[in-house]
Amino acid sequence: MTSDAPAFGKGCHLHLIDGSAFIFRAYHALPPLTRKSDGLPVGAVAGFCNMLWKYVTDERGHDAPTHAAVIFDHSGQTFRNEIYDLYKANRPEPPEDLRPQFPLTREATRAFNIACIEIEGYEADDIIATLACRAREAGGAVTIVSSDKDLMQLVGNGVDMLDPIKGKMIGPDEVREKFGVGPERVVDVQALAGDSVDNVPGAPGIGIKTAAQLINDYGDLETLLSRAEEIKQPKRRQTLIENAELIRVSRRLVQLDCETPLDFTLGSLEMRDPEPEVLLGFLAEMEFRTLTARVAEKLGAEAPAVVSAPPSEGPTAPEQPGIGAAGHDCVTDQALLDRWIAEIREAGHVAIDTETTSLDEMQAELVGISLSVAPGRACYIPVGHVQGEGDLFGSGALVEGQLGLDAVLAALKPVLEDLAILKIGQNLKYDYKILARHGIRMAPIADTMLMSYALHAGIHNHGMDELAERYLGHRCIPIKDLIGSGKSQIGFAQVAIDKATPYAAEDAEVTLRLWQNFAPMLPSEQVTTVYETLERPLVPVLADMEMAGIRVDGDVLKRMSNVFAQKMAGLEDEIHELAGEKFNVGSPKQLGEILFDRMGLSGGKTGKTGAYSTSADVLEDLAAEGHDLPARVLDWRQMSKLKSTYTDALPTYVNPETGRVHTSYSIAGAQTGRLASTDPNLQNIPVRTEEGRRIREAFVATPGHRLVSLDYSQIELRILAHVADIPALKQAFRDGIDIHAMTASQMFGVPVEGMDPMIRRRAKAINFGVIYGISGFGLSRNLRIPRAEAQAFIDTYFERFPEIRAYMDQTVAGAKEDGFVRTLFGRRINTPGINQSGPAAGGARRAAINAPIQGAAADIIRRAMIRMPAAIRDLPARMLLQVHDELVFEVEEGAADDLIAVARQVMENAAEPAVKLSVPLVVDAGIGGNWAEAH
DNA sequence: ACGCTCACG
DNA sequence: GACGTACGTGAGCGTA
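In the working numbering, the protein residues as written are 31 to 965.
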């Protein structure tokens, strides 16, 4: 044998990929996709390519393959049919739309520059067996990428398996777990147990369990068969004696053949990088836009244009347009609108986007609606454009020729509420609220922003412009081109209709295309459940909460604001006097110069800008040294913060129509699954200081109602106890004892009774530190104790609760291996920075440790929120706010206790049935006329 | 537009 | 042995 490739031998690592398994997996995981241009079914090819791409870009450490091949089954009879003519006889024909994809997967493999192997008359399993044996003999290592149990007989002596779906290594232990015997006896067990999938007969009435027991008792199959008379159970004895020959045939069927003739050397399987032109050419030809773009980015090559050629039938066959290239309908007459509605009904789905006068959904007026049903098919329906651009006084009159808003909504309502028609949006909560204010509640819905969030949290943000650029290679028309920016900005209603049409229709079409892109990725990335149970159902729930809003008493805030202003003025005088000069107390720069340059206090500069840090930390240290000025500044800052951010700003958010404040929750904002609240942020209303907490007195119940607050007690620590499996912590939660006191007691060996509050405080800080990825430095700063002391605490802690360190190490290792971590509920949080080096590494590491815990808590309250509307349906109550571990309700006086009972039940059981926690979830509740009382 | 500071869980 | 560090957010202000 001659070959250019170097010989295969010691130090080499051969990966053998079970191609057929990949294909079937891809086929069943994905909806039936077809190539745009000619309708060729390509779903399985797409999935296959995605898996292959994921596989080749998967960064492995020392396990990285030096050689690789993808092995396929060759159609037709094999030697096993000669042994047993019914072998695989009950296997159904592959589906019609899968068959044309088989040759394409071979082509794909070659495009990836990976050896593609199939041999007539031999099954892939035999080829894999032969290659594994040869490689093992040559002294190399082998990994079989497959989860096929028939291959497990090959495991051991340098051969292992990788389950590509679960990402799990399969070694002798896993084989033993599955078959009850070691790899070398697997064929014996299979021969006895048979296999209905391959139609291997085996012994009737004997399954894997019994087979393993028998083999373990007698050593091997031949011994068993020859001593079958000794078997005690009469039925079993008879079966084995009667079917001895069938069992021997079965054994020959399951025994893989290590003697497949090969016409190539192992050395020739050496890994090669793909040729960018070849691979990109193939992917573009298949019209896989996303993957083409992704591969091009990774290979640093330019992505070839993915143009879907027109269907060849049809007389004119216009070229398939890029986004917007075909032009978009501007719908200004009823007949055209009706045609669009018919088209939507035919498609069964529609992407929708609304254009309005404001980003505030509670005040926004509809200006237009855009729709799209397919690439190249999008329209814009203007309904609220007014005279204006250039018209200084803007007569405010509607531009003529538009359909009436009411008529358009009346026509669309049946479609938008039709449960058979999917409404697709990008950040659909916005459009949902706009339409809800007009009496239309869209269902069912899909949201491309949330799809992206489920798939790509941690990698990038999920705004439409960014998604269009990344996944469609398309740059959206900037809104600035229409409305301008800064002072001369105009409202969307003032934009000319002919300018608005391409912009608005583009948004709908981009959304539709993103949906087509993401929908098949959800199953292949295993985030379908997350999207379907934690993201999508939250949209109407949050929309209702936001529309409900919460009543805020502006007068209370006004009075507080005056008090703060007076206190600030007094403090400012004092500060100026202490400084010996007047300066802007609110300027950190000026303050720094006063403190450190003029007064000569000790304190360092920070990195980037070279400015002095005047953060509360620093000022507190200075104040502790006995300096009055920093102490006064701290007081001033507290007042200033409360005044500007809360007492002054909140009243400006009160909606004049409802008299309430309507926050907006972003579902896809935080990396971990938490919500974020904006405009205004109602998740950071003060509570920690007495003065701050009084701001909550301004959040009041409607007359005749009460506010009810329910919050999870220690939910993150409970999740930690569960996921890290810490017996001491779990028991403490089960017993309902003070968790921080327990920690202190265990660490310092002091009784819980009569514990020094200082000791408990330290334990508490450590407990929280653990959730954040603790460090001696951080703890020492938090507790203001020497670093060595903090480190000693941490050491003691890990000694006492060793499971926590194991959990942390495991989490980080998983993140490094997979590039993501998952919560208990399957939420995927990508950790692209985890393999960085340098200072950033520590941050990425801590984020990876924290994400599954914070994320699981977020998942749990999401589950509770999604179930809540149905649970409280018969109560005179509304859910108003979510603050990470707290839900705030408004309820008619008299029904508060009922509400608490129901809501508590929902919250405490929110993890189930998906996850059965080994610790109880506990919810505390409060009732009051305002939020301060209720909390 | 960006960094600093500080409010929350 | 040194490095730099708690996790996740949003808003208002000063400065460039």
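Ideal Cβ positions, reconstructed from N, Cα and C, are used throughout, including at glycine.
Original post:
Is DSSP giving residue 904 helix, strand or coil here?
Top reply: Residue 904 falls in the coil class under three-state DSSP.
Subject >> Collapsed DSSP secondary structure at residue 977 in the structure displayed >> reply: Here the chain has residues from 31 to 965 only, and residue 977 is not among them.
**OP:** Could you check if residue 850 is buried or exposed, using at least 16 other CB atoms within 10 Å of its CB as the buried criterion?
**Re:** When all chains shown are included, residue 850 counts as buried.
Original post:
Does the separation of the CB atoms of residue 921 and residue 878 fall below 9 Å?
Top reply: Going by C-beta atoms, residue 921 is not nearer than 9 Å to residue 878.
Subject >> Pairwise C-alpha distance: residue 69 and residue 339 >> reply: Its pLDDT being 44, under 50, residue 339 is placed unreliably by the model, and nothing is read from it.
Original post:
Smallest Cα separation from residue 67: which of 86, 316, 85 and 383?
Top reply: Here the closest residue by C-alpha is 316.
Original post:
Taking the Cβ atom as the reference point for each residue, do residue 624 and residue 659 lie within a distance shorter than 9 Å?
Top reply: Contact flag set, yes.
**OP:** List in chain order: all unbroken alpha helix (DSSP H) runs of 4+ residues lying wholly within the segment 803–875.
**Re:** Taking 4 residues as the shortest admissible run, the segment 803–875 contains the following complete alpha helix (DSSP H) segments, listed from N- to C-terminal end: 806–813, 817–830 and 832–848.
Subject >> Contiguous alpha helix (DSSP H) assignments of at least 4 residues, all confined to the segment 738–816 >> reply: Within the segment 738–816, the complete alpha helix (DSSP H) runs of at least 4 residues are 745–753, 757–765, 769–778, 787–802 and 806–813.
Subject >> Neighbourhood of residue 344 by C-beta distance below 6 Å, restricted to the same chain and skipping five residues each side >> reply: In this predicted model, residue 344 has a pLDDT of only 33, less than 50, meaning its place in the structure is not dependable; the value taken from the coordinates is given anyway. Here the set comprises nothing.
**OP:** In the DSSP assignment, find the beta strand (DSSP E) that holds residue 398 and state where it starts and stops.
**Re:** Where residue 398 is concerned, the enclosing beta strand (DSSP E) starts and stops at 396–404.
**OP:** Could you give the DSSP three-state label for residue 374: helix, strand or coil?
**Re:** Reduced to three states, the DSSP call for residue 374 is helix.
Subject >> Contact check, residue 172 vs residue 197, beta carbons under 9 Å >> reply: Going by C-beta atoms, residue 172 is not nearer than 9 Å to residue 197.
**OP:** Look at the Cβ atom of residue 130, then the Cβ atom of residue 62, and state whether they are nearer than 9 Å.
**Re:** Going by C-beta atoms, residue 130 is not nearer than 9 Å to residue 62.
Subject >> Beta-carbon spacing of residue 769, residue 880 below 9 Å >> reply: It is not a contact, given that the beta carbons lie outside the stated cut-off.
Original post:
In three-state terms, what does DSSP make of residue 912?
Top reply: Strand, per DSSP.
**OP:** Express the C-alpha separation of residue 672 and residue 702 in angstroms, rounding to a whole number.
**Re:** When the Cα atoms are used, residue 702 and residue 672 turn out to be separated by approximately 28 Å.
Original post:
How should residue 542 be labelled, buried or exposed, when 16 other C-beta atoms within 10 angstroms of its C-beta is the threshold for buried?
Top reply: Counting of Cβ neighbours within 10 angstroms places residue 542 among the buried residues, the total reaching 16 or more.
Original post:
Do residue 577 and residue 692 come within 9 Å of each other at the CB atom, strictly closer than that value?
Top reply: Yes, the Cβ-Cβ distance between residue 692 and residue 577 is below 9 Å.
Original post:
DSSP state of residue 301, grouped into three classes?
Top reply: Here DSSP, grouped into helix, strand and coil, assigns residue 301 to coil.
Original post:
So residue 256 is in the alpha helix (DSSP H); what residue range does that whole segment cover?
Top reply: Its alpha helix (DSSP H) spans residues 251–256.
**OP:** Would you list the residues sitting across from residue 736 in a DSSP beta bridge?
**Re:** According to DSSP, residue 736 bridges with 921.
Original post:
Below 9 Å between beta carbons: does that hold for residue 824 and residue 855?
Top reply: It is not a contact, given that the beta carbons lie outside the stated cut-off.
**OP:** Could you tell me whether the segment 545–556 touches the segment 519–533, where touching means 3 or more Cβ pairs closer than 8 Å?
**Re:** Result no; under three Cβ-Cβ pairs closer than 8 Å.
Original post:
Do the segment 707–726 and the segment 802–811 touch if we need at least three Cβ pairs shorter than 8 Å?
Top reply: No, they do not touch.
Subject >> Cut-off 7 Å between Cβ atoms - residues of its own chain near residue 431, not counting five sequence neighbours on either side >> reply: Cβ neighbours of residue 431 beyond the five flanking positions: 362.
Original post:
Looking only at C-alpha atoms, which of 438, 529 and 319 sits nearest to residue 497?
Top reply: Of the listed residues, the one whose Cα sits closest to residue 497 is 319.
**OP:** Can you say whether residue 260 is buried or exposed, counting buried as having 16 or more other CB atoms within 10 angstroms of its CB?
**Re:** Around the beta carbon of residue 260, fewer than 16 other beta carbons lie within 10 angstroms, which makes this residue exposed.
Original post:
On the premise that residue 941 lies in contact with residue 951, defined as a C-beta separation below 8 Å, what is that separation, rounded to the nearest angstrom?
Top reply: Yes, they are in contact, since the Cβ atoms of residue 951 and residue 941 sit about 7 Å apart, within 8 Å.
Subject >> Three-state secondary structure assigned by DSSP to residue 409 >> reply: Three-state DSSP puts residue 409 in a strand.
**OP:** Would you check if the distance between the CB atom of residue 916 and the CB atom of residue 742 is smaller than 9 Å?
**Re:** Going by beta carbons, residue 916 and residue 742 fall inside the 9 Å limit.
Original post:
With a cut-off of 8 Å, do at least 3 Cβ pairs link the segment 159–175 to the segment 292–312?
Top reply: Judged by Cβ distances under 8 Å, the segment 159–175 makes contact with the segment 292–312, as three or more pairs qualify.
Original post:
Between 491, 135, 115 and 106, which lies nearest to residue 150 when the distance is taken from Cα to Cα?
Top reply: Residue 106 is the option with its Cα nearest to residue 150.
**OP:** Mind checking who residue 99 pairs with in its DSSP beta bridge?
**Re:** Residue pairing by DSSP puts residue 99 in a beta bridge opposite 46 and 145.
Original post:
Buried or exposed: residue 1047, going by 16 or more other Cβ atoms within 10 Å of its Cβ?
Top reply: In the structure as shown, the chain starts at 31 and stops at 965, and residue 1047 therefore has no counterpart that could be examined.
Subject >> Close-in-space but distant-in-sequence residues of the same chain around residue 870 (CB under 8 Å, 5 per side omitted) >> reply: The residues are 863.
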